[in-house]
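Novice: Have a look at the structure that comes next, please.
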Amino acid sequence: MSRIRSRDTGPEMAIRRILHARGLRYRVDMPIPVEPKCSRADIVFTRARLAVYVDGCFWHRCPEHGTSPKANAEWWQAKLDRNVRRDRQTDRTLTDADWRVIRIWEHEDPSEAAERIIAALSGSQSRSP
Ligand SMILES: [Zn+2]
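Printed below as a string of structure tokens:
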């Protein structure tokens with residue numbers, strides 16, 4: 332069985348490089364201890380309680396690039412539905428435990444994605460009056 336290799340892929344690495352260059356330190360692929368079960372996130376800022384996921388367009392059904400394979404259509408449909416459901420569940424679990432979640436599509440521009448993360452960390456995402 333081959334594991335899905337979503338880690339150490341282009342977009343995530345590019346984002347991590349930018350964050351690192353900005354002097355930010357984070358954990359990679361870290362299990363976050365929340366109830367009912369640990370949730371692994373791609374990039375984790377423990378003190379800021381910020382979890383970042385870089386989601387593959389296919390596996391997580393990006394609205395722009397999500398496709399449904401024609402072969403075994405039903406199986407894929409069920410599988411991808413399950414992925415998306417699990418994502419939302421993970422978001423809820425983390426949010427309930429006072430974590431913030433940022434989800435980035437793999438097609439997003441890495442520097443824009445990094446800016447979103449940096450903004451969240453600096454608290455500047457609070458809406459201006
Ligand atoms: Zn996409």
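Residue numbers 332 to 460, in the numbering used here, belong to the letters of the sequence shown in order.
Don't be surprised by glycine CBs; every beta carbon is placed ideally from N, CA and C.
Can you tell me which residues form a DSSP beta bridge with Pro362?
Specialist: Taking the sequence shown and counting its residues from 1, one reaches residue 362 at position 31. Looking at the DSSP output, Pro362 shares a beta bridge with Arg371.
Novice: What do you reckon, are the CB atoms on Ile346 and Ile449 nearer than 8 Å?
Specialist: If you number the sequence shown from 1, residue 346 lands on position 15. If you number the sequence shown from 1, residue 449 lands on position 118. Not in contact: Ile346 and Ile449 (Cβ atoms no closer than 8 Å).
Novice: When you compare only the Cα positions, how much space is there between Glu405 and His391?
Specialist: Translated into the one-based positions of the sequence shown, residue 405 becomes position 74. Translated into the one-based positions of the sequence shown, residue 391 becomes position 60. Approximately 16 Å, taken between the alpha carbons.
Novice: Hey, could you find the ends of the beta strand (DSSP E) Ala382 is sitting in?
Specialist: In the sequence shown, counting from the first residue as 1, residue 382 sits at position 51. Taken as a continuous stretch (DSSP letters only), the beta strand (DSSP E) holding Ala382 covers Leu381 to Asp386.
Novice: DSSP on Arg416, reduced to helix/strand/coil?
Specialist: Position 85 of the sequence shown holds residue 416. Note: Arg416 maps to helix in three-state DSSP.
Novice: Let me check you understand the geometry: is the CB of Trp436 closer than 7 Å to at least one non-hydrogen atom of ligand 1?
Specialist: Taking the sequence shown and counting its residues from 1, one reaches residue 436 at position 105. Yes, since a heavy atom of ligand 1 falls inside the 7 Å radius drawn around the Cβ of Trp436.
Novice: Considering only the beta carbon of each residue, do Glu446 and Val385 sit closer than 8 Å?
Specialist: As a working mapping, residue 446 is identified with position 115 in the sequence shown. As a working mapping, residue 385 is identified with position 54 in the sequence shown. Cβ atoms of Glu446 and Val385: not closer than 8 Å.
Novice: Taking 7 Å as the limit between beta carbons, can you name the residues of its chain near Cys369, skipping five residues before and five after?
Specialist: Here the question's residue 369 lines up with position 38 in the sequence shown. Cβ within range, chain order: Pro362 and Ile363.
Novice: Check Arg392 in the structure and name its three-state DSSP category.
Specialist: Position 61 of the sequence shown holds residue 392. Residue state, collapsed to three classes: coil.
Novice: Which one or two residues does DSSP pair with Ile435 in a beta bridge?
Specialist: In the sequence shown, residue 435 corresponds to position 104, counting from 1. Partner(s): Val385.
Novice: Can you say whether Ser457 is buried or exposed, counting buried as having 16 or more other CB atoms within 10 angstroms of its CB?
Specialist: Looking up residue 457 in the sequence shown gives position 126. The predicted position of Ser457 is uncertain, since its pLDDT is 46 and thus under 50; no value can be drawn from it.
Novice: Would you identify the three-state DSSP class for Met332, choosing helix, strand or coil?
Specialist: Position 1 of the sequence shown, counted from the first residue, corresponds to residue 332. The pLDDT assigned to Met332 is 40, lower than 50, so where the model puts this residue is not dependable, and the model offers no usable value.
Novice: Between which two residues does the alpha helix (DSSP H) holding Arg447 run?
Specialist: Residue numbering aside, residue 447 sits at position 116 when the sequence shown is read from its first letter. Note, Arg447: alpha helix (DSSP H), Pro441 to Leu452.
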